[in-house]
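**Q** If you read the sequence shown in UniProt numbering, its first letter stands for residue 1, the second for the next number, and so on.
Each residue gets a CB set at the ideal place from its N, CA and C atoms; glycine is no exception.
Okay, handing you the structure first.
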Amino acid sequence: MSILVTGGAGYIGSHTCVELLNAGYEVIVLDNLANSNQEVLKRIEALTDQKVLHYQRDMCHQGVLEEIFRRHSIEAVIHFAGLKAVGESVAEPLKYYATNVMGALSLCEVMAHFNVKKLVFSSSATVYGSLENVPLPENVPLSATNPYGRTKLMIEHILNDIYRADPSWSIAKLRYFNPVGAHPSGLIGEDPHGMPNNLVPFITQVAVGKRQSVIIFGNDYDTCDGTGVRDYVHVMDLAHGHLKALKSVLETTGVEAYNLGTGKGYSVLQMIHAFEKVTGRSIPYTVTNRRPGDVAMSYADPAKAQRILGWTAHRNLEKMCEDAWLWQRNNPDGYATEVPRWDNVS
Ligand code: NAD
Ligand code: WQD
């Protein structure tokens, strides 16, 4: 059974490809490598001892999608591809609407044309806007505070309308909280280009000596220690969540949103201290002003994913830190690291 994975060379997509291949699915990746590297595909193959068919093309070109659907018998699509940097989306909104929204529209049109109506979509906890009534269940009013978030919200609405118009579709909208960690082999992980936008890659780059100190965005929030609290979830748990969602869309029809988070929140300082413990290194930090648009606390109510998909996150904070650290240490320059250190590969 072939599964089309758009964005399969990216951070979450690559870990999901490994899990799909290990579960016996055939995987076809569509990824233009705008935010990823050819090397990741080699490593997915090394980890699974299986071939991955990769189209290095832009998903926004409908002709490219049509060609792929003509050539392969695709059962379902997992749609990760898109742009995800919040700050960049504020500076370049058109790029975000064009890529994320147009990409999803092109994909759904081609899927409908080829009668492939099973879709797992990468949404985000960003659709909860500035809501802080934690833990967040799926059925609260949605909003967005930046163009990136609005693209996710728009796509969620589009998917709801597609299902309303044609109830033979089956769509899972997965709202990830804060994905962190890496494959336990240390062979694949998160490889941000330039300055990391997110906390954990920033911490690991400080730990490995690439950056001087972590800059904490505010310590005057109404939280346990004044710093922001988030629901960090191991990327391997997320990957497993996609398998569960895929199984569900293959077996049913409907459109459903699911939170993928642990249901627990950790503060920025707790994250720094957890990494200090795992790395055995001191992680210097300084405190600056709050980052515009940040909320004090965000964590999931993951009960729906557990009840309907049978999914729960199993890996704890220590495991998230250990795996993120192994990846960073073995690949200090990400996939561009010239001679990857394989010494910790089991
Ligand atoms: P990523 O940037 O690592 O992966 C996205 C992939 O899409 C990249 O490999 C990129 O090259 C590819 N891509 C971008 N534009 C493309 C195009 N026009 N055609 C083909 N491929 C294209 O991001 P990720 O962290 O793996 O996120 C995957 C999805 O999950 C994204 O949709 C993102 O918005 C969403 N998400 C991510 C997070 C997070 O914190 N990482 C949280 C919530 C939701
Ligand atoms: C986590 C905490 C920061 C960096 C973002 C997107 C969201 C989703 C996940 C895609 C916050 C603090 C951070 C730093 C810091 N992505 N922080 N110093 O903001 O919860 O979510 O990624 O969908 O849409 O907005 O994650 O990792 O940026 O921040 O103090 O250098 O760490 O203020 O409290 P966030 P993050």
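1) Is there at least one Cβ from chain C nearer than 9 Å to alanine 76's Cβ?
2) What three-state label does DSSP hand arginine 307 in the structure shown?
3) Between Val77, Tyr97, His113, His54, which lies nearest to glutamate 66 when the distance is taken from Cα to Cα?
4) When you compare each of Gly87, Tyr258, Met59, Gly241 to asparagine 198 by their alpha carbons, which one comes out closest?
5) Starting from arginine 150, trace the alpha helix (DSSP H) both ways and give me its first and last residue.
6) Measure the C-alpha to C-alpha separation of leucine 4 and glycine 63 and round it to an integer number of angstroms.
7) Would you say alanine 125 touches the ligand WQD, meaning its beta carbon is less than 8 Å from a heavy atom?
8) Relative to the ligand NAD, is the shortest distance from any of its heavy atoms to the C-beta of aspartate 58 smaller than 8 Å?
9) Could you spell out where the alpha helix (DSSP H) holding isoleucine 215 opens and where it closes?
10) Within the present structure, is the beta-carbon of isoleucine 12 separated from the nearest heavy atom of the ligand NAD by less than 8 Å?
11) Could you check what DSSP says for serine 282 in three-state terms: helix, strand or coil?
12) So the candidates are Gln205, Ala46, Leu119, Ala313; which of them puts its Cα closest to the Cα of alanine 172?
13) Return yes when the Cβ of arginine 175 is within less than 9 Å of the Cβ of valine 127, no when it is not.
14) Are there 16 or more other CB atoms within 10 angstroms of the CB of aspartate 237, so buried, or fewer, so exposed?
15) What does a CB cutoff of less than 8 Å around serine 346 pick up in its chain, not counting 5 residues either side in sequence?
16) May I have the straight-line CA-CA distance separating alanine 245 from alanine 165, to the nearest angstrom?
17) Please name the residue in Thr16, Thr279, Ser124, Tyr25 whose C-alpha comes closest to that of tyrosine 258.
18) Checking 9 Å against the spacing of the C-beta atoms, do leucine 20 and isoleucine 78 come in under that value?
19) Leaving out five residues before and five after methionine 59 in sequence, what residues of the same chain have Cβ atoms less than 6 Å from its Cβ?
20) At the level of alpha carbons, what is the spacing between glutamate 318 and proline 302?
21) Note down, in chain order, each residue of its chain lying with its Cβ closer than 8 Å to the Cβ of isoleucine 68, except the 5 sequence neighbours on either side.
22) Taking the alpha helix (DSSP H) that isoleucine 12 belongs to, which residues open and close that run?
23) Measuring straight from C-alpha to C-alpha, what distance separates tryptophan 169 and isoleucine 155?
24) Counting only the same chain and skipping the five closest in sequence on each side, list residues whose C-beta sits under 7 Å from that of residue 349.
25) Just checking serine 298 against the ligand WQD - is the residue's beta carbon closer than 8 Å to any of the ligand's heavy atoms?
26) Among all the DSSP beta bridges, which residues are the ones paired with serine 267?
27) Examine the ligand WQD and report whether any of its heavy atoms sits within less than 8 Å of the Cβ of glycine 129.
28) Buried or exposed for glycine 209, please, with buried defined as at least 16 other CB atoms from any protein chain shown within 10 angstroms of its CB.
29) Look up glycine 254 in the DSSP assignment and say whether it is helix, strand or coil.
30) Would you give the residue range spanned by the alpha helix (DSSP H) that leucine 187 belongs to?
31) Between threonine 288 and the rest of its own chain, which residues show a CB-CB distance below 6 Å, the 5 nearest in sequence each way excluded?
32) Using a threshold of 8 Å, is the CB atom of residue 347 nearer than that to any non-hydrogen atom of the ligand WQD?
33) Please confirm whether any heavy atom of the ligand NAD lies closer than 8 Å to the CB of proline 179.
**A** Reading it off the structure:
1) No chain C appears in the structure shown, which is made up of a single protein chain.
2) helix
3) His113
4) Gly87
5) 147-165
6) 15 Å
7) yes
8) yes
9) Not the alpha helix (DSSP H): isoleucine 215 falls in the beta strand (DSSP E), residues 214-217.
10) yes
11) coil
12) Leu119
13) yes
14) buried
15) With a pLDDT of 38 at serine 346, under the threshold of 50, the predicted position of this residue should be treated as unreliable, though the coordinate-derived value follows. Same-chain partners within the cutoff: Pro184, Ser185.
16) 22 Å
17) Ser124
18) yes
19) Thr6, Leu30, Ala81, Gly103
20) 20 Å
21) Leu4, Ile28, Leu30, Tyr55, Ile74
22) 11-22
23) 15 Å
24) Any answer about residue 349 is impossible in this case: the structure gives the chain only from 1 up to 346.
25) yes
26) Val229
27) no
28) exposed
29) strand
30) Taken as a continuous stretch (DSSP letters only), leucine 187 belongs to no alpha helix (DSSP H), as it is neither H nor E.
31) Ile215
32) As shown, the chain starts at 1 and ends at 346. That puts residue 347 outside it, with no answer to give.
33) yes
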